[in-house]
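S.K.: This is the structure I want to talk about, given as structure tokens.
There are 4 protein chains.
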Amino acid sequence: MKVDTLLTGGMIVTAQDRFVGALGIRDGRVACLLDSAAGVDAQQVIDVSGKYIIPGAIDAHVHFQDPGSPEREDLEHGTRACAVGGITTAISQPVNNPPVFDVATYRETLAGYEGRSYVDYGLHGGASSGNLDQIELLWTETGAPALKMMMCYSPKSYGMVDDGQLYRIMQILQKHDGLAYIHAENQAIVETLEKQLRAEGRTDPLSYLASRPSWVETEAVRRALILAEQTGCRVILAHVSCADSLEMIGEARGRGVSVFAESCPHFFTFIDEDIVEHGPYLKFSPVMRDEPNLRRLWELLAGGAVQTIGSDHCPYAPEEKTPGLTNIWDAPNGVPGLEVLLPVLLDGVSRGQLSMERLVEVTSLNPAKIYGLYPRKGHLSPGADADLVVVDPSLVKTLDLQDLQTKCPYSPYLGKTFRGWPIMTMVRGVSVAEGGAITGAAGHGRYVSRTN
Amino acid sequence: MKVDTLLTGGMIVTAQDRFVGALGIRDGRVACLLDSAAGVDAQQVIDVSGKYIIPGAIDAHVHFQDPGSPEREDLEHGTRACAVGGITTAISQPVNNPPVFDVATYRETLAGYEGRSYVDYGLHGGASSGNLDQIELLWTETGAPALKMMMCYSPKSYGMVDDGQLYRIMQILQKHDGLAYIHAENQAIVETLEKQLRAEGRTDPLSYLASRPSWVETEAVRRALILAEQTGCRVILAHVSCADSLEMIGEARGRGVSVFAESCPHFFTFIDEDIVEHGPYLKFSPVMRDEPNLRRLWELLAGGAVQTIGSDHCPYAPEEKTPGLTNIWDAPNGVPGLEVLLPVLLDGVSRGQLSMERLVEVTSLNPAKIYGLYPRKGHLSPGADADLVVVDPSLVKTLDLQDLQTKCPYSPYLGKTFRGWPIMTMVRGVSVAEGGAITGAAGHGRYVSRTN
Amino acid sequence: MKVDTLLTGGMIVTAQDRFVGALGIRDGRVACLLDSAAGVDAQQVIDVSGKYIIPGAIDAHVHFQDPGSPEREDLEHGTRACAVGGITTAISQPVNNPPVFDVATYRETLAGYEGRSYVDYGLHGGASSGNLDQIELLWTETGAPALKMMMCYSPKSYGMVDDGQLYRIMQILQKHDGLAYIHAENQAIVETLEKQLRAEGRTDPLSYLASRPSWVETEAVRRALILAEQTGCRVILAHVSCADSLEMIGEARGRGVSVFAESCPHFFTFIDEDIVEHGPYLKFSPVMRDEPNLRRLWELLAGGAVQTIGSDHCPYAPEEKTPGLTNIWDAPNGVPGLEVLLPVLLDGVSRGQLSMERLVEVTSLNPAKIYGLYPRKGHLSPGADADLVVVDPSLVKTLDLQDLQTKCPYSPYLGKTFRGWPIMTMVRGVSVAEGGAITGAAGHGRYVSRTN
Amino acid sequence: MKVDTLLTGGMIVTAQDRFVGALGIRDGRVACLLDSAAGVDAQQVIDVSGKYIIPGAIDAHVHFQDPGSPEREDLEHGTRACAVGGITTAISQPVNNPPVFDVATYRETLAGYEGRSYVDYGLHGGASSGNLDQIELLWTETGAPALKMMMCYSPKSYGMVDDGQLYRIMQILQKHDGLAYIHAENQAIVETLEKQLRAEGRTDPLSYLASRPSWVETEAVRRALILAEQTGCRVILAHVSCADSLEMIGEARGRGVSVFAESCPHFFTFIDEDIVEHGPYLKFSPVMRDEPNLRRLWELLAGGAVQTIGSDHCPYAPEEKTPGLTNIWDAPNGVPGLEVLLPVLLDGVSRGQLSMERLVEVTSLNPAKIYGLYPRKGHLSPGADADLVVVDPSLVKTLDLQDLQTKCPYSPYLGKTFRGWPIMTMVRGVSVAEGGAITGAAGHGRYVSRTN
Ligand SMILES: [Zn+2]
Ligand SMILES: [Zn+2]
Ligand SMILES: [Zn+2]
Ligand SMILES: [Zn+2]
Ligand SMILES: [Zn+2]
Ligand SMILES: [Zn+2]
Ligand SMILES: [Zn+2]
Ligand SMILES: [Zn+2]
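Chains as they are written, first to last, in full-length UniProt numbering: chain A, 1 to 452; chain G, 1 to 452; chain V, 1 to 452; chain Z, 1 to 452.
Shown next, in the form of structure tokens:
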């Protein structure tokens with residue numbers, strides 16, 4: 001039996017499985033899973049004894065802001081960050097300039113990505129009040145894994161949808177088994193609270209949190225669930241921050257509603273009062289909650305109430321963030337996160353807060369299935385793309401500025417120490433990063449369309 | 001690369017995965033999963049092109065009634081039925097004579113099973129009002145996957161537990177990460193209703209159903225959930241019949257409670273009024289519900305609200321059932337089911353009611369994990385026991401008396417036609433049944449202990 | 001002891017009480033409640049033996065459409081209908097032309113009412129997206145019992161409020177223990193559904209119902225409850241049509257939220273399919289529901305889940321309604337109801353669906369207290385205004401065109417027979433209607449301000 | 001107009017009403033309610049200017065323990081305490097020796113009460129596992145306002161009912177619109193926890209609280225609600241201690257279930273940690289909860305979620321309580337409360353925690369209606385019994401040993417100061433207590449049967 005590459009001695013972990021054995025790669029795909037390396041003829045043998053081999057992470061929530069805002073991020077830098085972070089497929093959010101609101105823009109955006117990416121990538125379509133007549137084609141004529149829509153401005157230039165538009169979009173998507181990807185916060189309430197706080201002269205970081213209390217999210221989540229139940233449309237709720245929201249979603253799932261919950265690394269790391277120290281660098285939406293919520297999030301993640309983790313990587317240029325140091329309202333919302341998505345969760349594994357299988361489920365198998373990338377992505381069975389990460393579970397490292405590959409020169413995670421890091425990332429059998437350094441090349445990454 | 005047996009050309013389906021490829025077996029274990037058979041040196045090659053290869057079913061709810069009632073069933077006949085039915089591991093319920101209420105009986109029962117089984121087997125311990133002082137040892141000193149307890153008499157000879165005893169048992173099990181396996185119905189209500197119906201002179205089959213309305217189950221399930229939440233004990237609710245119960249359990253799971261739901265093939269086949277035709281042969285508890293409930297059960301199964309399917313195979317001698325033809329109260333509760341567990345679900349797959357992956361999850365991976373048999377059982381990764389079933393998804397067959405291997409000479413399923421049948425069953429790499437005929441031998445089956 | 005008028009022999013019924021006795025009136029107020037008439041010196045004695053004496057109804061939901069639309073209704077005609085219908089205080093909705101959106105308009109509207117009314121009257125203030133800066137004064141500087149606001153257009157000319165505005169209004173009212181009176185339907189959904197139905201070419205009456213399914217109301221009610229709970233503002237939900245909404249409100253009340261539910265006579269009379277016969281004459285919003293809902297409404301009314309009944313009397317000129325006969329979308333929303341509010345409920349009393357005490361509670365005491373008219377209105381204790389209705393519980397009469405005093409020359413209630421009718425109405429001790437005929441005079445009715 | 005007694009100048013308060021005026025009494029009944037005393041010919045005029053006149057309290061939860069335990073309490077002493085406390089009707093619990101389990105005992109118990117009581121009294125029947133065949137007669141052949149039953153032992157000698165018996169009793173009562181009065185705690189859990197605590201050597205007061213955590217009550221309340229909903233029987237839950245229970249009951253009421261909640265003065269006064277100081281003198285069941293619960297109870301009382309307040313007056317002889325000082329398990333459960341029921345609530349009125357109307361509703365009108373004593377009791381309309389209390393709302397007094405009329409020589413309320421005290425109590429027009437001193441006579445009190 002011949003393979004190109006043979007990884008031996010590792011603990012291979014999938015969403016449900018683990019075994020110590022060997023994994024053979026041929027032509028960029030998994031060729032075999034073996035109990036031993038005996039009798040295999042490999043061009044290259046890599047001994048990963050004592051390490052984990054997991055399917056590469058699929059991050060469906062990345063704002064490359066490309067095209068449009070090269071001062072913030074671009075595909076090259078963003079996917080370099082993916083490579084070192086163990087993210088083998090990144091799905092670009094449509095919140096660019098221009099936003100991905102029709103088939104032509106979808107195609108042009110993809111054309112612009114050609115030959116520039118270090119890892120595989122997808123591209124979401126976008127839905128907003130202005131492009132309802134484009135929704136059906138945007139779904140049927142492109143490979144978009146989901147259409148992204150906002151129940152609040154995020155940012156205002158992208159627009160939002162009211163309940164009627166949301167209902168209409170869900171109706172259309174439901175006909176094609178489409179997926180509505182929803183930022184759920186109550187815009188009118190946020191606006192009112194912000195106006196009141198500004199009128200009171202508040203400019204401090206905590207005032208931003210006060211403008212987006214938990215119920216701003218839970219109310220909108222509940223409304224989205226009602227619409228999901230009425231239309232039968234598949235729905236994923238983006239960046240859920242409240243344990244209460246997750247419980248509501250979990251109960252709807254328990255009743256059989258086709259709804260999924262995404263959460264983000266920052267909600268598993270920071271709490272509300274951290275904004276006092278970090279100010280605009282921890283300004284994003286929804287906001288961080290209190291410490292009991294953080295604890296419940298970890299429990300709910302372990303228990304199954306979170307289906308995917310997305311980074312919501314969304315850098316802004318430093319000069320855009322600094323005005324927020326004196327007036328929190330003057331900074332845009334967003335935080336980088338590609339390099340830390342896996343370390344945050346691996347550190348949780350090291351502390352016993354979730355199993356490695358669960359980590360794989362929420363970072364790889366679930367997103368692959370929810371976003372229609374399965375069976376090429378999301379698992380390591382023979383025939384699947386050999387997208388994988390070798391993890392050193394006992395490596396302890398503190399995030400340092402030079403660990404960052406993103407264009408974004410700041411991170412609230414700097415100085416944080418995690419146990420458990422990716423030490424090699426392979427995309428379709430080719431190493432793209434090792435030990436935090438890029439080993440791949442721009443252009444190795446290919447576009448991945450949804451399959452259904 | 002050398003293997004003993006190579007299955008080629010099949011669609012290998014696990015709980016999360018599917019791919020067309022080859023599966024190699026060596027020394028009774030899965031040696032490799034391959035994209036092609038090329039370059040493999042196998043003693044035996046079996047071409048299963050066009051068929052599915054799935055992990056063997058694990059049926060955790062089998063009443064062999066052995067020792068104690070050889071006129072009803074015994075290990076030999078029961079495990080022959082498993083073999084043809086695609087059940088590679090059967091876990092014996094402790095409701096025997098003597099019941100498995102202490103370590104000594106556990107060991108004696110196992111000793112009595114030695115050399116008689118056609119498939120692998122486990123043995124649950126039992127808990128009742130009389131053996132609270134044995135619970136801890138029964139869990140820590142045996143390989144019991146769960147302790148079975150009743151919130152109602154089923155049967156009376158086994159006894160039951162009140163809420164205080166249930167709480168105490170859960171407390172003890174929680175300390176050791178044990179599993180409480182609970183038959184949840186409200187005994188006092190059942191008794192009262194039965195007494196009233198008998199006093200009214202009711203002896204017809206429907207009167208039996210009237211003695212166990214849905215809320216008799218939902219109330220007890222809710223109570224069990226409260227205790228699970230208070231103690232933190234892992235709990236599995238046996239043979240759940242009501243969609244409402246599943247929703248309650250699903251909501252508790254959504255909140256992070258460690259609780260699981262088992263349901264049974266008969267609830268996916270029969271509805272309440274079928275008892276008019278079948279009388280005592282469809283007398284079991286909990287009872288069948290109405291047609292809308294049946295439809296919701298299939299939806300909830302597909303949606304994830306059922307974690308395991310157990311047959312609750314529980315035959316009685318024909319002479320015990322026949323008195324029920326004239327007076328429904330005079331028949332004991334129980335129905336056979338080993339041969340039909342997979343066909344009932346495979347037929348659902350053929351009608352699009354659930355995916356093959358989901359079938360594998362509820363019949364194999366989930367029970368393996370819940371009952372601590374994983375990683376030996378429940379999946380087909382290298383190193384796992386080569387327990388598998390080859391399924392012909394397009395075989396249409398009507399269940400006939402001669403298809404039954406159990407001692408029980410009747411079945412309410414006779415005459416029912418299913419699309420999708422097991423055509424070969426392997427236990428640790430050895431064929432034990434093919435085309436409905438036994439190919440294995442008594443004694444091939446081995447005891448499987450829980451691993452944690 | 002001297003009184004002006006003595007009613008003798010009647011069964012005096014209040015919200016909690018009933019006794020056979022005499023009621024003395026002096027200077028327009030209740031002077032005494034007596035076990036017998038002995039020893040009382042009365043100018044006028046009215047024997048009402050065999051009849052009920054109940055506090056006059058307070059209808060807080062009347063669209064006089066005055067000023068602005070004299071072709072539809074005006075204060076004279078509307079309050080004549082009140083007089084014969086047993087409504088002794090009518091609170092005018094602010095949905096006039098001009099709408100009552102500021103203090104000046106409030107005062108001008110009241111000035112225009114001077115000397116024209118047959119019964120006592122109040123006037124609600126109005127809130128909409130355009131007058132947020134007027135809310136505080138409108139509450140503190142007028143006697144408005146509530147501020148009325150819409151979560152949907154009803155009609156479009158009045159405007160509506162989004163969640164942020166609703167929240168802001170509730171905040172302001174909460175500071176002054178004010179009352180938000182809310183029409184709760186989801187505008188965006190209604191609009192979307194209507195557009196879809198129109199696009200399908202639907203113009204039939206049932207298509208109108210299809211544009212406002214139950215969840216359009218229940219979703220908005222739930223949202224209003226969330227805002228009520230967040231702000232602590234007192235809230236009354238107008239014209240609740242769904243039993244599910246009432247249960248949600250009841251549960252919030254059970255938790256201690258200060259929220260009230262109003263329902264209307266038409267929801268206790270008509271069901272969805274009645275629109276096929278009546279077309280535009282049964283077009284209003286929210287819409288009628290199915291028959292099981294109607295039955296649940298009566299049960300919930302008896303059980304306490306409805307706090308007030310308002311007529312939502314809202315006539316349109318016949319020529320405005322007739323276009324709806326050919327195209328349901330071409331008719332405006334509204335139905336007259338002043339003359340039938342009490343007969344609909346009294347008929348329910350005669351059928352045993354609610355007690356006379358409960359009728360008094362929802363038609364008089366509760367509205368008096370909720371809207372701040374108590375202690376002058378809403379009961380018959382000494383000192384209270386002698387606003388009362390003599391009811392003949394055994395009078396059976398079919399509503400006929402000549403029974404109508406309103407300007408509106410049609411009614412879907414025509415031809416309906418009720419058991420139980422007002423036979424005399426007194427406002428502050430003066431008879432204003434007897435046996436369906438007007439005995440009072442325009443100008444007897446006085447403005448009633450809220451007292452707190 | 002002639003009356004025997006005229007109370008003038010007081011603020012007359014009923015459950016819904018208040019007005020300043022005069023109240024005339026003739027032949028023990030209310031003859032008239034007047035706006036002024038002018039023209040009334042009264043034998044006796046009592047000026048109560050500046051005071052409140054409220055309907056006498058009806059305490060449906062009094063353990064006179066008569067016959068059976070004269071060392072604890074008896075009818076004479078108990079009803080003297082009622083008289084000074086403003087309780088004009090006391091309903092005796094059936095938990096005597098012998099317990100009131102059949103018609104004969106009911107009659108004998110009543111016969112024994114003849115001529116001994118200072119206030120009017122009723123007598124509940126009892127239900128337990130042993131007297132199911134007596135339930136129907138006990139309801140139909142006596143004037144019992146309710147049948148009292150326990151879901152736990154309280155005390156063991158009285159017995160309890162299991163769910164089946166409870167269901168059966170509710171079925172029987174439902175046929176006759178009867179009322180099930182239920183002590184809801186989960187016996188099996190209490191027993192288990194107590195056994196565990198004793199086994200740990202715990203004998204301190206807090207260990208008693210640990211044996212009856214909140215969920216012991218909430219679980220049983222939920223179960224009782226399920227049975228109430230299934231049978232349609234009217235149910236009142238005795239001495240509810242948890243705000244969570246009240247919310248569940250409130251939600252069931254919101255759905256239309258006929259269920260009522262009683263709470264007790266001690267739950268509005270003491271919190272869990274007070275047992276450290278008072279030990280056995282604050283030992284009763286259910287137990288006191290934490291401070292947030294106390295705050296929520298007051299809110300829920302004001303908001304309507306409590307329907308009646310009963311004292312659960314249940315004294316034990318001092319020598320029975322003292323062993324609890326060294327070992328909390330050695331004291332019986334019970335606390336006296338007749339003298340403080342009204343002061344505890346009046347003090348709440350003085351602090352603005354509830355209105356006087358609400359106080360009247362829960363202490364008089366509601367119990368009169370729930371227990372079938374209305375229209376003779378519970379209000380002050382002409383024709384009703386002149387049972388009333390004159391309250392001085394500004395009297396501030398500290399409870400002292402000599403204020404107690406009960407036989408019980410201790411009280412955890414001693415030293416507590418309340419603002420608002422009864423200063424005169426009249427039963428059927430006759431003064432029975434004034435200024436804390438007895439003015440009535442044994443034998444003035446009469447038996448009151450339920451009227452329906
Ligand atoms: Zn977002
Ligand atoms: Zn985002
Ligand atoms: Zn069972
Ligand atoms: Zn069983
Ligand atoms: Zn309206
Ligand atoms: Zn209206
Ligand atoms: Zn009790
Ligand atoms: Zn008691």
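For glycine and all other residues, C-beta sits at the position ideal for the given N, C-alpha and C.
1. Quick check: is the beta carbon of Arg26/Z nearer than 9 angstroms to any beta carbon in chain V?
2. Tell me whether the beta-carbon of Thr89/V lies closer than 9 angstroms to the beta-carbon of Ile46/V.
3. Identify each residue in the segment 3-34 of chain V for which the Cβ-Cβ distance to at least one residue of chain Z is less than 9 angstroms, and report them in chain order.
4. Taking only the alpha-carbon atoms, compute the straight-line gap between Tyr106/G and Ile370/G and give it to the nearest angstrom.
5. Which same chain residues, not among the five before or five after Val340/V, have their C-beta less than 6 angstroms away from its C-beta?
6. I believe Ile189/V touches Val216/V by the beta-carbon criterion, under 8 angstroms. Please report the beta-carbon distance rounded to the nearest angstrom.
7. If the cut-off is 9 angstroms on Cβ atoms, which residues from the segment 206-237 of chain V count as contacting chain A, listed in chain order?
8. Whole angstroms is fine: what's the gap from Ala224/A's alpha carbon to Asp102/Z's?
9. Just the Cα atoms here: how many angstroms apart are His63/G and Pro94/G?
10. Among all the DSSP beta bridges, which residues are the ones paired with Met160/G?
11. Compute the beta-carbon to beta-carbon distance between Leu282/V and Val335/V, rounded to the nearest angstrom, for a pair I have assumed lies under 8 angstroms.
12. List in chain order: all unbroken alpha helix (DSSP H) runs of 4+ residues lying wholly within the segment 65-141 of chain G.
13. On the criterion of 16 or more Cβ atoms from any shown chain inside 10 Å, does Pro315/Z qualify as buried, or is it exposed?
14. Cutting at 6 angstroms between CB atoms, please list the residues of its own chain near Arg376/A, excluding the five before and the five after it.
15. Kindly list, in the order they appear in chain Z, the residues whose Cβ is closer than 8 angstroms to that of Val40/V.
16. Leaving aside the five residues before and after Gly250/G along the sequence, list all residues of the same chain whose C-beta is less than 7 angstroms from its C-beta, in chain order.
17. Report yes if the C-beta of Asp312/G is less than 8 angstroms from at least one heavy atom of ligand 3; otherwise report no.
18. Please list, following the chain, all residues that have a C-beta closer than 6 angstroms to any non-hydrogen atom of ligand 3.
19. Can you tell me which of the three DSSP states Ser364/Z falls into?
20. Ala384/Z by DSSP, collapsed to three states: which one?
21. Cβ closer than 7 angstroms: which chain G residues qualify as neighbours of Ser381/A?
M.R.: Inspection of the coordinates gives the following:
1. Yes, Arg26/Z counts as interfacial toward chain V.
2. No, the Cβ-Cβ distance between Thr89/V and Ile46/V is not below 9 angstroms.
3. Of all residues in the segment 3-34 of chain V, only Ile12, Thr14, Ala15, Gln16, Asp17, Arg18, Phe19, Val20, Gly21, Ala22, Gly24, Arg26, Arg29, Val30, Ala31, Cys32, Leu33 and Leu34 come within less than 9 angstroms of chain Z when Cβ atoms are compared, listed by chain position.
4. One Cα belongs to Tyr106/G, the other to Ile370/G, and the distance between them is close to 20 angstroms.
5. Closer than 6 angstroms at the Cβ level, and outside the excluded window around Val340/V, lie Pro265 and Tyr413.
6. Indeed they touch by this definition, with Cβ atoms about 5 angstroms apart.
7. Only Pro213, Trp215, Thr218, Glu219, Arg222, Arg223, Ile226, Leu227, Glu229 and Gln230 from the segment 206-237 of chain V bring a Cβ to less than 9 angstroms from some Cβ of chain A.
8. Spanning the two alpha carbons is a distance of roughly 58 angstroms.
9. Roughly 8 angstroms separates the two Cα atoms.
10. According to DSSP, Met160/G bridges with nothing at all.
11. Their Cβ separation, rounded to whole angstroms, is 7 angstroms, which keeps Leu282/V and Val335/V in contact under 8 angstroms.
12. Runs of the alpha helix (DSSP H) lying entirely within the segment 65-141 of chain G, each at least 4 residues long, are 75-85, 103-113 and 135-140 in chain order.
13. A residue is called buried when at least 16 other Cβ atoms come within 10 angstroms of its Cβ; Pro315/Z meets this threshold and is buried.
14. Setting aside the 5 residues that flank it on each side, Arg376/A is surrounded in the same chain by Asp385, each with a C-beta closer than 6 angstroms to its C-beta; the list follows chain order.
15. The answer, in chain order, is Met1.
16. Once the five neighbours on either side are set aside, the close Cβ partners of Gly250/G are Ala305.
17. Yes, the beta carbon of Asp312/G sits closer than 8 angstroms to at least one heavy atom of ligand 3.
18. Qualifying residues come out as Ser154/G, His183/G, Ala238/G and His239/G.
19. Helix at Ser364/Z.
20. In the structure shown, Ala384/Z sits in coil (DSSP, three-state: anything other than H, G, I, E or B).
21. Within chain G, the residues near Ser381/A are Asp17, Phe19 and Leu33.
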